[in-house]
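Quick note: the sequence shown uses this note's numbering, first residue -14, plus one each step. Every residue, glycine too, gets a C-beta built ideally from N, C-alpha and C. Keep in mind it's a predicted model, so treat the numbers as computed, not measured. Working notes, beginning with the structure itself.
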Amino acid sequence: MERVRLFCKEKGIALEEKGNTAPASYPFKRPHVEGIEFRTDQKRLLRAALIKKHGYIVSGTGTGKTLLILGLISSFPGARFLCLAHELTLLKQLSKEADKRGFNSGLYHGQDKNLGLPVIISTRQTWSRLDPKDYVDKFDGVIIDECHHMPPRGEYSKILSNMLAPIRYGVTATAPTETSDPEKFFELNGLLGPFIGEFTLEEAIEQGVLAKPKLILDMVPEHKAQRDIKGYDRVYKRLVVENDEYNRMIVDDMVKDKLEGLTSLVFVHENEHGEILLRLAESKGLHVRFIQGEVKVEDRIETKDMLDAGELDSVIANVVWMEGINIRTLGSVINAGGGKTDLRTLQKIGRGLRTAEGKEVVYLRDYYNPNHNYLVDHFARRLILYMKKGWV
-14 MERVRLFCKE KGIALEEKGN TAPASYPFKR PHVEGIEFRT DQKRLLRAAL IKKHGYIVSG
46 TGTGKTLLIL GLISSFPGAR FLCLAHELTL LKQLSKEADK RGFNSGLYHG QDKNLGLPVI
106 ISTRQTWSRL DPKDYVDKFD GVIIDECHHM PPRGEYSKIL SNMLAPIRYG VTATAPTETS
166 DPEKFFELNG LLGPFIGEFT LEEAIEQGVL AKPKLILDMV PEHKAQRDIK GYDRVYKRLV
226 VENDEYNRMI VDDMVKDKLE GLTSLVFVHE NEHGEILLRL AESKGLHVRF IQGEVKVEDR
286 IETKDMLDAG ELDSVIANVV WMEGINIRTL GSVINAGGGK TDLRTLQKIG RGLRTAEGKE
346 VVYLRDYYNP NHNYLVDHFA RRLILYMKKG WV
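Printed below as a string of structure tokens:
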């Protein structure tokens, strides 16, 4: 409605509103989460959100979006909240933090089907299978974690369109814009509300909230004959996944990180690539695991905790670890899979941006492969991103 009012005002169009358009009358108090002293940036975002009572917050990867969610819930005493995420790792992470901070919350997933607690945490997939009459008027507020995962007319659309909850929030590190993805942008604004505020990655690094990335670049040996390979899938398989020289470079860097006292997280795009690197790394005596979609959530969490504690030298992971995983002590992120999109590149480095005692920087290793135009173009795009961020 706010966008309609603004549009009509800008265009000089008369607007007549009928019905009850008053904002939710829920009283709120100062956010309080046990054991947490909110930073200045968090206080600013929470204050803006509480005034509006609906909308979405953009806060850089690793800046503490889970604590923002708990801060919002704590501000509405007596209100019932539904918290939704798009995948299990985020669900478990939020549930664990809520329990740790004394929130009376429960999971609605798998064997856990408790609907009687003040705070219910579930996945969009599980919740969308419920009959809307079971939740239409049961909650005062709803919060969506990683709300950029709201495809038009998807599961979130079904859920939120069938809820009367007046308090609606979303948190994300990468919100769509009206120009980048207009359909998703208007879906987000229509179902949750307008943009509330932002704490950028650059601000977080500048203020010492996040570690500063330090870029280390290397070049794959050049073989001109490989430039004649046709088709991107064949190029990627031959020159990345099955490239022995390249894979040895990656594992050698994993060994270097270990010798320097750093743990590493290696990102791949293909499971076959992960398996190849796993075998090579183990042959070098590294204590390493490979995380991909078939690995159980409990095992992913255990692996994350082991890496954070230094009980593993390295973890190789595919897309399942590009969101929702933050490893405070991580020393090095290795981009073995390449890629061209800014979002995916930032998601990878974001896993290691959290600070820890004695940690001020996180190393980002990337590789220039000169052997095909596809790979040259992709590297150029990543390099431009690094330059824009001031990491070169």
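Inter-residue CB distance, residue i and residue j (contact presumed, cutoff 8 Å)
i, j, result
"leucine 173", "leucine 360", "Not confirmed; about 34 Å, so no contact."
"alanine 341", "arginine 313", "4 Å"
"alanine 158", "threonine 51", "In fact, because the Cβ distance is near 12 Å, the residues do not count as touching under 8 Å."
"leucine 271", "aspartate 298", "5 Å"
"glutamate 257", "valine 300", "That belief does not hold up - the Cβ atoms of glutamate 257 and valine 300 are roughly 17 Å apart, past 8 Å."
"alanine 196", "glutamate 345", "6 Å"
"tyrosine 353", "methionine 234", "That pair is no contact at about 11 Å."
Under 8 Å between C-beta atoms of residue i and residue j
i, j, result
"valine 127", "leucine 69", "yes"
"glycine 337", "valine 318", "yes"
"leucine 250", "alanine 302", "yes"
"tryptophan 376", "leucine 262", "no"
"leucine 55", "glutamate 82", "yes"
"valine 194", "arginine 29", "no"
"glutamate 296", "glutamate 131", "no"
"leucine 76", "threonine 48", "no"
"threonine 330", "arginine 367", "yes"
"leucine 315", "threonine 248", "yes"
"isoleucine 106", "leucine 79", "yes"
"isoleucine 181", "alanine 321", "no"
"isoleucine 310", "lysine 281", "no"
"serine 44", "phenylalanine 171", "no"
"histidine 71", "isoleucine 214", "no"
"phenylalanine 13", "serine 90", "no"
Member of the options whose CA lies at the smallest distance from the CA of residue i
i, options, result
"proline 206", "Asn232, Val194, His133", "Asn232"
"methionine 58", "Lys85, Asp125, Gly49, Thr74", "Just to set this straight, residue 58 is isoleucine in the shown sequence, not methionine. Here the closest residue by C-alpha is Asp125."
"glutamate 279", "Val304, Met291, Leu265, Ala266", "Val304"
"lysine 333", "Lys123, Glu260, Val253, Ser299", "Val253"
"serine 165", "Arg(-10), Asp327, Phe66, Val121", "Asp327"
"glycine 259", "Trp306, Val220, Asp290, Met291", "Trp306"
"alanine 64", "Leu102, Lys209, Met291, Leu202", "Leu102"
"alanine 189", "Lys374, Ile129, Ile144", "Lys374"
"proline 117", "Phe171, Lys269, Tyr141, Phe61", "Tyr141"
Buried/exposed call for residue i, threshold 16 Cβ in 10 Å
i, result
"valine 347", "buried"
"valine 236", "buried"
"aspartate 218", "exposed"
"proline 16", "buried"
"methionine 391", "Since the first and last residues shown for the chain are -14 and 377, residue 391 lies out of range."
"methionine 204", "exposed"
"phenylalanine -8", "exposed"
"glutamate 163", "exposed"
"serine 146", "exposed"
"valine 18", "buried"
"glycine 95", "exposed"
"glycine 335", "buried"
"aspartate 26", "buried"
I want to know whether the stretch 234 to 252 touches the stretch 280 to 290 - three or more CB-CB distances under 8 Å. no
Is the number of C-beta pairs between the stretch 40 to 48 and the stretch 177 to 184 that are closer than 8 Å three or more? yes
Between the stretch 75 to 91 and the stretch 112 to 124, are three or more C-beta pairs nearer than 8 Å? no
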